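Student: Right, I'll just put the structure down here and ask away after.
Protein chains in written order, with my numbering: chain A, 35 to 207; chain B, 12 to 470.
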């Protein structure tokens, strides 16, 4: 597992994603609060899959659960709980059928992903031969911030999706 | 595009126009060189030959069983609540999409990049029906503003410099003026957000359709496909029957290889497997045939239907790198474009595209589906009725290379002709059409055999 996490780290950060390993869920939530404040906001969009959501509201953050329907309602930070990661490609595996997971990972400037004891797949073959409900309802692999190189191949991050993607991973030490 | 004419019959004329613009080749080469170098680097991480065998096999299995897979896919998606439509051709595809849009009184559409959309002209059809369509991929949006088609499968605006893009955004959309791609992208993102949230209908393509589960694979770097498929309450997926694969497990080699081959990326940033309609959303899947089923059963062109649209063959093609995509005059360009346009009968003069090939084999080396592109292009070139001048040229070359004696005699005659009629010699080459943009080849004073012998005697 150690090798898989190292490979995930190398590849996810290679695509400008950020990885923070946490010893506990408590630490992950504390870091989420600190990151949000550092970004300069106190409102976050929160997927219902994120564990202990009260940790954020107790810390004074304003939490939005319903995905936005207007462009002006989009907060700067969206928080999700991907259920797995793929080492080979440095990808988070999102439960895409859930509107909160999908939209909070997509519409905000910063996407914070909290992975609490995630399923770890060494490669894409392992993922796509998995007999899982997630495969039957839909998934999305996210490998770092949204990007484009459509103008003379010059890389620009944050084209339509988040400019920053930060993965806080719990329980993989 | 104004300087290039549409239609394969204009290839020669367009190629001459493109050749008069050396800056075009320079912009394209910079972009494609980048993809080629990155491809070489990331391919070292995998066994390309083994992955190619897997993709070739899975695509071959699929193309040989399209009707069966289509039935399975249809049954699965309908059971999940998707609306399934089969479109036999371009007109049917347009009619189905416009019917869906009109039934929902759609006024605005946000659309993701789709070569099939270009093939059936869906944007133009919707616009003619009075519906506003916004292309959401940055490159595709730029060419939409510039009133021209994409010039490359994965990089629609590859023919435009940064300065040209800045000018287009400013003049056509009032965005800017900006000089840097970062500024342009940020401004387009802000402008486009409102369109995403307010659109009545989303429209996307699919990279693969999985018969086993009735799921669809969609890949994008920008995130626009996820927005297009997530925000509007009505979604149309316009795709083609050749995108069918049998199993979920088939997605692994496709997701692994396509981005590496296309742009040298390890993975496309967002790979979405859409397996069921989203809450509160109505989804219509329109599967277009346009001669694909027939072509899949063709003993020669069947292999062309294996194409996964990675565009690696386009990046390495020396002809494309010189003349760009618009010169072909067709939707699909480069080596795969020549073959697909012929296989699917997309242009009445499709055979003429086979002239845009040096038979260098570079495309075959990078094709992840193992398609013999040069072989197919050669087949296309040899079919039909070539022009009289081309038949004459082929006859001359055939006669010259038929034997050592004829070869020596032909070049002896050529040397003599050159010595006696220097001006006529130049005219001869011009007449053959080989020296329009390059010098007349020099005929050596001695044959190679003679030089070899002389050299040996000297030793």
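Ideal Cβ positions, reconstructed from N, Cα and C, are used throughout, including at glycine. In this text, all values refer to a predicted model and were calculated from it rather than measured experimentally.
#1: State the beta-bridge partners of residue 126 of chain A as determined by DSSP.
#2: On the premise that residue 173 of chain A lies in contact with residue 145 of chain A, defined as a C-beta separation below 8 Å, what is that separation, rounded to the nearest angstrom?
#3: Is residue 81 of chain A near residue 132 of chain A, with beta carbons less than 9 Å apart?
#4: State the Cα-Cα distance for the pair residue 40 of chain A and residue 384 of chain B, rounded to the nearest angstrom.
#5: How big is the Cα-Cα spacing for residue 19 of chain B and residue 245 of chain B?
#6: Buried or exposed, going by whether 16 or more other CB atoms sit within 10 Å of the CB of residue 463 of chain B?
#7: Are the C-beta of residue 259 of chain B and some C-beta of chain A separated by less than 9 Å?
#8: Please classify residue 281 of chain B: does DSSP put it in a helix, a strand, or coil?
#9: Express the C-alpha separation of residue 135 of chain B and residue 34 of chain B in angstroms, rounding to a whole number.
#10: To the nearest angstrom, how far is the alpha carbon of residue 185 of chain B from that of residue 278 of chain B?
#11: Does any C-beta atom of chain B lie closer than 9 Å to the C-beta of residue 174 of chain A?
#12: My parser needs the beta strand (DSSP E) runs of 3 or more residues fully inside the segment 379–422 of chain B; what are they?
#13: Which of the three DSSP states, helix, strand or coil, is assigned to residue 374 of chain B?
#14: Leaving aside the five residues before and after residue 313 of chain B along the sequence, list all residues of the same chain whose C-beta is less than 6 Å from its C-beta, in chain order.
#15: Chain A partners of residue 38 of chain B, CB-CB under 8 Å?
#16: Could you check the C-alpha separation between residue 415 of chain B and residue 408 of chain B for me, to the nearest Å?
#17: Express the C-alpha separation of residue 173 of chain B and residue 191 of chain B in angstroms, rounding to a whole number.
#18: Are residue 316 of chain B and residue 227 of chain B touching if we call contact CB-CB under 9 Å?
#19: Give me the chain A residues within the contact set of residue 196 of chain B, using Cβ-Cβ distance strictly less than 7 Å, ordered along the chain.
#20: For residue 161 of chain A and chain D, any beta-carbon pair shorter than 9 Å?
#21: Should residue 394 of chain B go down as buried or exposed, given a rule of 16 or more other Cβ atoms within 10 Å for buried?
#22: Residues of chain B with a CB under 8 Å from the CB of residue 131 of chain A: which are they?
#23: Residues of chain A with CB closer than 8 Å to the CB of residue 79 of chain B, please, in chain order.
#24: So, at 6 Å on beta carbons, what are the nonlocal neighbours of residue 206 of chain A in its own chain, with the 5 sequence-adjacent residues on each side left out?
#25: What separation, rounded to the nearest whole angstrom, lies between the Cα atoms of residue 76 of chain A and residue 109 of chain A?
#26: Run the CB neighbour count on residue 113 of chain B, radius 10 Å, all protein chains shown included, and call it buried at 16 or more, exposed below.
#27: With C-beta atoms as the reference, is residue 118 of chain A less than 9 Å away from residue 138 of chain A?
#28: Quick one: which residues of the segment 264–276 of chain B get their C-beta closer than 7 Å to a C-beta of chain A? List them in chain order.
#29: Taking Cβ-Cβ distances shorter than 9 Å, what residues in chain A pair up with residue 281 of chain B?
#30: Starting from residue 241 of chain B, follow the alpha helix (DSSP H) in both directions and report where the run begins and ends.
#31: DSSP three-state label for residue 45 of chain B, please.
#32: Using only alpha-carbon positions, find the residue among B:255, B:353, B:168, B:16 that is nearest to residue 392 of chain B.
#33: Could you please give me the residues that DSSP links to residue 94 of chain B through a beta bridge?
#34: So, does the segment 280–294 of chain B touch the segment 338–358 of chain B, judging by three or more C-beta pairs under 8 Å?
#35: Measure the C-alpha to C-alpha separation of residue 453 of chain B and residue 329 of chain B and round it to an integer number of angstroms.
#36: Across the segment 356–370 of chain B and the segment 325–343 of chain B, are there enough close Cβ pairs to call them in contact, namely three or more that are closer than 8 Å?
Tutor: On the basis of the supplied data:
#1: Start at 1 with the first residue of the first chain, and residue 126 of chain A comes out as number 92. A:119, A:176, per the DSSP bridge assignment.
#2: Position 111 of the first chain, counted from the first residue, corresponds to residue 145 of chain A. Position 139 of the first chain, counted from the first residue, corresponds to residue 173 of chain A. Not quite, the Cβ-Cβ distance comes to about 16 Å (not below 8 Å), so this is no contact.
#3: Numbered from 1 along the first chain, position 47 holds the residue referred to as residue 81 of chain A. Numbered from 1 along the first chain, position 98 holds the residue referred to as residue 132 of chain A. Against a cut-off of 9 Å, the Cβ pair of residue 132 of chain A and residue 81 of chain A comes out as a contact.
#4: Residue numbering aside, residue 40 of chain A sits at position 6 when the first chain is read from its first letter. Residue numbering aside, residue 384 of chain B sits at position 373 when the second chain is read from its first letter. If you take the alpha carbons of residue 40 of chain A and residue 384 of chain B, they lie about 40 Å apart.
#5: What you label residue 19 of chain B is simply residue 8 of the second chain in a count that begins at 1. What you label residue 245 of chain B is simply residue 234 of the second chain in a count that begins at 1. Near 36 Å, if we compare the C-alpha coordinates of residue 245 of chain B and residue 19 of chain B.
#6: Translated into the one-based positions of the second chain, residue 463 of chain B becomes position 452. By the 10 Å Cβ count, residue 463 of chain B comes out exposed.
#7: One-based indexing of the second chain puts residue 259 of chain B at position 248. True, the Cβ-Cβ gap to chain A drops below 9 Å.
#8: Taking the first residue of the second chain as 1, we reach residue 281 of chain B at position 270. Strand, per DSSP.
#9: Within the second chain, residue 34 of chain B is the residue found at index 23, counting from 1. Within the second chain, residue 135 of chain B is the residue found at index 124, counting from 1. So the two alpha carbons sit approximately 30 Å from each other.
#10: By one-based count along the second chain, residue 185 of chain B stands at place 174. By one-based count along the second chain, residue 278 of chain B stands at place 267. Spanning the two alpha carbons is a distance of roughly 34 Å.
#11: For the purposes of this step, residue 174 of chain A is taken as the residue at position 140 of the first chain. Yes, its Cβ sits closer than 9 Å to a Cβ of chain B.
#12: none
#13: Reading the second chain from its first residue, position 363 is the one you call residue 374 of chain B. Residue state, collapsed to three classes: helix.
#14: Locating residue 313 of chain B in the second chain gives position 302, where the first residue counts as 1. Cβ within range, chain order: 307.
#15: By one-based count along the second chain, residue 38 of chain B stands at place 27. Simply 186.
#16: Numbered from 1 along the second chain, position 404 holds the residue referred to as residue 415 of chain B. Numbered from 1 along the second chain, position 397 holds the residue referred to as residue 408 of chain B. Looking at the two C-alpha atoms, the distance is approximately 13 Å.
#17: For this step, residue 191 of chain B is matched to residue 180 along the second chain. For this step, residue 173 of chain B is matched to residue 162 along the second chain. Looking at the two C-alpha atoms, the distance is approximately 7 Å.
#18: Stepping through the second chain from its first residue, residue 316 of chain B is reached at position 305. Stepping through the second chain from its first residue, residue 227 of chain B is reached at position 216. No, these two residues do not count as a Cβ contact at 9 Å.
#19: For the purposes of this step, residue 196 of chain B is identified with residue 185 of the second chain, where counting begins at 1. Under the 7 Å cutoff, chain A gives 182, 190, 193.
#20: Reference to chain D is not applicable here, since the protein chains of this structure are A and B.
#21: Reading the second chain from its first residue, position 383 is the one you call residue 394 of chain B. Residue 394 of chain B is exposed by the Cβ-count criterion.
#22: The residue you call residue 131 of chain A lines up with position 97 of the first chain. Chain B residues near residue 131 of chain A: 286, 287, 289.
#23: Taking the first residue of the second chain as 1, we reach residue 79 of chain B at position 68. Chain A residues near residue 79 of chain B: none, gap ~21 Å exceeds 8 Å.
#24: To locate residue 206 of chain A, count along the first chain from 1; it is residue 172. Taken in chain order, the residues that qualify are 39.
#25: Looking up residue 76 of chain A in the first chain gives position 42. Looking up residue 109 of chain A in the first chain gives position 75. Distance between the alpha carbons of residue 76 of chain A and residue 109 of chain A: 9 Å.
#26: Here residue 113 of chain B corresponds to residue number 102 of the second chain, with the count starting at 1. A residue is called buried once 16 or more other Cβ atoms fall within 10 Å of its Cβ, and residue 113 of chain B, having fewer, is exposed.
#27: Counting from 1 along the first chain, the entry for residue 118 of chain A is found at position 84. Counting from 1 along the first chain, the entry for residue 138 of chain A is found at position 104. Not a contact, by the Cβ cut-off of 9 Å.
#28: 266, 267
#29: For this step, residue 281 of chain B is matched to residue 270 along the second chain. Under the 9 Å cutoff, chain A gives 140, 174, 175, 176, 177, 180, 195.
#30: Taking the first residue of the second chain as position 1, residue 241 of chain B is located at position 230. It spans 235–241 - the alpha helix (DSSP H) in which residue 241 of chain B sits, taken as one unbroken run.
#31: Against the second chain, residue 45 of chain B aligns to sequence position 34. DSSP places residue 45 of chain B in helix when its eight states are reduced to three.
#32: Translated into the one-based positions of the second chain, residue 392 of chain B becomes position 381. With distances taken between Cα atoms, residue 392 of chain B lies closest to B:353.
#33: For this step, residue 94 of chain B is matched to residue 83 along the second chain. Beta-bridge pairing links residue 94 of chain B to B:295.
#34: no
#35: Looking up residue 453 of chain B in the second chain gives position 442. Looking up residue 329 of chain B in the second chain gives position 318. Distance between the alpha carbons of residue 453 of chain B and residue 329 of chain B is about 24 Å.
#36: yes
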